[in-house]
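Novice: Pasting a structure here, questions to come.
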Amino acid sequence: MSEVQDKREPELMQKLVSLSKRRGFVYQSSEIYGGLKSAYDYGPMGVELKRNLMSEWWTAMVHSREDVVGIDASIIMHPSVWKASGHLASFSDPLVDCKVCGERFRADKAPKVEAGADAPMEFADKGKAKDAHEKLAKLAPDVAFTREGKSVMGAKAGDRGYVCPLCGSPFMSEERQFNLMFRSSLGPVDPMGAAAEMIQRTLAEQGADALKANLRKILDEAVQSSAVYLRPETAQAMFVNFLNVQQSMSMKVPFGIAQMGKSFRNEVTVEHFIFRSCEFEQMEMEYFVPPGEGPKWLEYWRNQRLEWWKKMGLSAERLRLRAHEKDELAHYSDGTYDVEYDFPWGWDELEGVASRTNYDLNAHATASKKKLEYFDPEADDPATGKKGWRYMPHVVEPAAGATRGVLAVLCDAYAEEAADAEGKGERTVLRLHPRLAPIKVGILPLVKKEGMPEVARRIADEFFRAGVTAKYDEQHAIGRRYARHDEIGTPYCLTVDGDTAADDTVTIRYRDDRRQERIKVAEALDVVKKALADA
RNA sequence: GCGGGAAUAACUCAGUUGGUAGAGUGCAACCUUCCCAAGGUUGAAGUCGCGGGUUCGAGUCCCGUUUCCCGCUCCA
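Going left to right, the first sequence walks through residues 0 to 534 as numbering that gives the first Met the number 0 numbers them.
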């Protein structure tokens with residue numbers, strides 16, 4: 000069986016979840032209270048893995064380049080940021096689902112029809128009309144519907160005063176407020192107190208009917224005055240800090256601002272373990288370029304990012320770039336590529352590399368009335384042909400999911416090896432990139448006597464002092480200890496044996512092929528450091 | 001949001017027509033062991049997801065609920 004087929008096993012996710020818990024990578028949040036939906040905690044191994052991945056990103060995107068600098072912005076930002084970016088509007092409009100054709104739409108944008116008026120329905124073809132007719136018979140058994148070609152007649156508009164924009168049906172779900180952003184309130188005063196007060200006052204001054212009619216509005220107003228939102232993406236902090244960063248660091252376009260951190264979205268559906276959760280971690284970079292250079296940099300960054308994921312050890316054949324179709328593009332983008340990974344459930348997004356034009360800077364410039372522009376004294380202004388060009392940069396954004404990255408890395412690293420002809424060597428191994436591995440070195444006395452533990456502990460101390468994650472381990476037989484380290488992805492094990500006392504050497508054992516070499520104790524730290532650097 | 005399945009020890013699971021809670025692995029201690037989950041002895045560990053109900057008695061039957069998985073739908 001090939002490895003590819005191994006990983007296609009439907010149980011892979013279950014095995015990963017089980018291993019994650021058993022070996023301290025990921026636990027369900029608040030497990031002793033029955034768990035919290037879609038919230039996960041990173042255990043001692045998981046936190047190392049995630050930090051290593053994010054640290055590799057930071058190194059590649061910030062430290063190793065002079066055109067990108069980092070920031071670490073507040074998760075809570077001024078509510079106007081989300082108003083300007085469009086998140087507040089699109090995240091809070093009341094949505095309804097048509098019960099006939101399944102279309103989901105904004106109630107305020109739907110065609111208005113007076114209550115009681117005829118509501119003829121029209122479908123794409125006769126077959127769809129027939130399906131709809133059958134569905135309608137169940138939805139409203141006491142109405143006599145008639146079908147004519149692609150149309151179904153007989154329905155009357157209801158009290159809502161609108162019909163489905165797609166098929167014209169008046170049958171739809173309740174209006175639902177989709178709050179995709181997490182709302183909270185800033186300040187120690189409970190906004191519910193203000194709400195209660197306003198309700199009491201309206202009741203006293205205007206009576207019960209007025210209160211009933213305006214209840215929702217009153218509540219909204221009371222909450223809105225102190226409302227703040229947890230960021231649904233880290234990107235906006237980089238747009239609103241564009242001038243701060245550009246001026247304080249004297250950055251010249253093209254340049255980028257990078258940020259890693261948590262974001263929050265009330266996803267409609269959460270799924271696939273840590274893949275899509277309401278609280279997640281992003282690694283985003285906004286790269287500011289002159290107008291017209293978006294396509295060039297989009298191509299540059301999508302290739303850079305694909306290569307980076309490969310460097311992190313993900314199999315090349317499980318990675319691909321996919322261009323967004325025109326109708327798939329977000330409102331702010333004129334071109335987007337997804338870096339996709341072939342997860343156990345199929346291809347899915349790891350990172351989006353989007354050309355965001357000047358949409359965001361423009362939106363914030365308009366809303367804040369600040370000039371979010373860049374002046375290039377060297378370039379010629381294309382409009383006048385004169386030296387000196389002031390413009391609003393365009394942006395190319397590689398936005399990666401750190402949490403998704405961890406899952407991809409785990410999926411790709413997981414392998415089960417069958418026993419050999421002698422029935423030995425069966426194991427589960429995480430073939431993590433050595434720099435991502437939570438523990439770099441296992442330090443093991445072959446047996447727990449003859450001074451071996453003492454020597455091994457001295458070697459371990461040396462690694463601790465050097466800041467290389469190491470684990471001293473004397474429990475159980477040597478084979479089990481190797482197996483345990485294989486399961487958490489430890490790339491190297493140093494074993495003190497009977498020869499160590501005589502010639503100051505230990506064996507170094509490699510995780511992937513179980514190969515062993517003898518090396519000098521004095522050189523062990525350097526050997527491991529070099530292996531990590533070269534990996 | 002809809003439909004289906006599941007939840008018993010840290011993990012994987014068994015538990016018969018309702019009658020005192022089980023195994024393997026792992027974990028801990030000791031012995032043995034000079035290299036790939038070796039062997040032996042001993043031990044700890046479970047309000048059977050949670051809450052109700054039926055019953056003399058519920059892991060088992062019924063209702064509710066939470067969480068996870070699969071499919072659909074939806075979102076970015």
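By construction, the Cβ of each residue, glycine as well, lies at the ideal position given by its N, Cα and C atoms. Note that the structure is predicted; figures quoted are calculated from it, not measured.
Helix, strand or coil for Tyr331? Go by DSSP, reduced to three states.
Specialist: Position 332 of the first sequence, counted from the first residue, corresponds to residue 331. Of the three classes helix, strand and coil, the one that applies to Tyr331 here is coil, per DSSP.
Novice: Which residues in the same chain have their Cβ closer than 7 Å to the Cβ of Ser84, if we skip the five residues on either side of it in sequence?
Specialist: The residue you call residue 84 lines up with position 85 of the first sequence. Excluding positions up to five away in sequence, the list reads Gln235, Asp359, Ala362.
Novice: Using CA coordinates, which residue listed in Leu229, Ile31, Met259, Trp388 is at the minimum distance from Ala399?
Specialist: For the purposes of this step, residue 399 is taken as the residue at position 400 of the first sequence. Closest by alpha carbon: Met259.
Novice: What would DSSP say about Val467, mapped onto helix, strand or coil?
Specialist: Mapped onto the first sequence, residue 467 falls at position 468. Looking at Val467 - three-state DSSP - the assignment turns out to be coil, as it is neither helix nor strand.
Novice: Residues in the same chain with beta-carbon distance under 6 Å from Arg508, minus the five sequence neighbours each way, listed in chain order, please.
Specialist: Taking the first residue of the first sequence as position 1, residue 508 is located at position 509. Cβ neighbours of Arg508 beyond the five flanking positions: Cys492, Gln515.
Novice: From Leu18 to Phe279, what distance separates their C-alpha atoms?
Specialist: Your numbering for residue 18 matches position 19 in the first sequence. Your numbering for residue 279 matches position 280 in the first sequence. Each residue's Cα considered, the two are about 21 Å apart.
Novice: Helix, strand or coil, according to DSSP, for Leu313 in the structure here?
Specialist: In the first sequence, residue 313 corresponds to position 314, counting from 1. It is coil, neither helix nor strand.
Novice: What residues in its chain sit with their C-beta under 7 Å from that of Ser37, if we drop five residues either side in the sequence?
Specialist: For this step, residue 37 is matched to residue 38 along the first sequence. Once the five neighbours on either side are set aside, the close Cβ partners of Ser37 are Val269, Ser276, Cys277.
Novice: Note down the Cα distance separating Met311 from Tyr161, rounded to an integer number of angstroms.
Specialist: Residue numbering aside, residue 311 sits at position 312 when the first sequence is read from its first letter. Residue numbering aside, residue 161 sits at position 162 when the first sequence is read from its first letter. Taking the straight line joining both Cα atoms gives about 52 Å.
Novice: Determine which residues share a DSSP beta bridge with Gln474 and list them.
Specialist: Taking the first sequence and counting its residues from 1, one reaches residue 474 at position 475. Note: Gln474 sits in no beta bridge, so no partner.
Novice: Would you tell me roughly how many angstroms separate the C-alpha atoms of Glu121 and Pro110, rounded to the nearest one?
Specialist: Working through the first sequence from its first residue, we reach residue 121 at position 122. Working through the first sequence from its first residue, we reach residue 110 at position 111. So the alpha carbons of these two residues sit roughly 14 Å apart.
Novice: Quick one: what does DSSP say Ser79 is sitting in, helix, strand or coil?
Specialist: The count along the first sequence starts at 1 and reaches residue 79 at position 80. Here Ser79 sits in helix by DSSP.
Novice: With burial defined as no fewer than 16 other Cβ atoms inside 10 Å of the residue's Cβ, what is the status of Gln281: buried or exposed?
Specialist: Reading the first sequence from its first residue, position 282 is the one you call residue 281. It counts as buried.
Novice: Following the continuous alpha helix (DSSP H) through Leu537, name the residue where it begins and the one where it ends.
Specialist: Residue numbering for the chain in the displayed model covers 0 to 534; residue 537 lies beyond these limits and cannot be assessed.
Novice: Name the DSSP beta bridge partners of Met120, please?
Specialist: In the first sequence, residue 120 corresponds to position 121, counting from 1. DSSP, once it has assigned bridges, lists Val151 as partnering Met120.
Novice: In the DSSP assignment, find the beta strand (DSSP E) that holds Leu349 and state where it starts and stops.
Specialist: By 1-based counting over the first sequence, the position of residue 349 is 350. Start and end: 345-356.
Novice: Taking DSSP as the reference, what is the three-state secondary structure of Gly85?
Specialist: Against the first sequence, residue 85 aligns to sequence position 86. Looking at Gly85 - three-state DSSP - the assignment turns out to be coil, as it is neither helix nor strand.
Novice: In terms of DSSP beta bridges, what is Ile442 paired with?
Specialist: One-based indexing of the first sequence puts residue 442 at position 443. Beta-bridge pairing links Ile442 to Tyr471, Leu493.
Novice: Is Arg22 helix, strand or coil by DSSP?
Specialist: The residue given as residue 22 occupies position 23 in the first sequence. Three-state result, Arg22: coil.
Novice: Using DSSP bridges, identify the partner residues of Phe287.
Specialist: Against the first sequence, residue 287 aligns to sequence position 288. According to DSSP, which records beta bridges pairwise, Phe287 is partnered with Phe254, Val394.
Novice: Just how far apart, CA to CA, sit Glu65 and Arg215?
Specialist: Here residue 65 refers to the residue found at position 66 when the first sequence is read from its first residue. Here residue 215 refers to the residue found at position 216 when the first sequence is read from its first residue. Each residue's Cα considered, the two are about 52 Å apart.
Novice: What does the Cβ neighbour count give for Gly424, buried or exposed, with the cut at 16 atoms within 10 Å?
Specialist: Counting from 1 along the first sequence, the entry for residue 424 is found at position 425. Its Cβ having fewer than 16 others within 10 Å, Gly424 is exposed.
Novice: Since I believe Phe263 is in contact with Leu229 (beta carbons under 8 Å), could you give me their beta-carbon distance rounded to a whole number of angstroms?
Specialist: One-based indexing of the first sequence puts residue 229 at position 230. One-based indexing of the first sequence puts residue 263 at position 264. With 8 Å as the limit, Leu229 and Phe263 qualify as a contact, their Cβ atoms being about 4 Å apart.
Novice: Could you give the first and the last residue of the continuous alpha helix (DSSP H) run that contains Pro43?
Specialist: Here residue 43 refers to the residue found at position 44 when the first sequence is read from its first residue. Element bounds for Pro43: 43-57.
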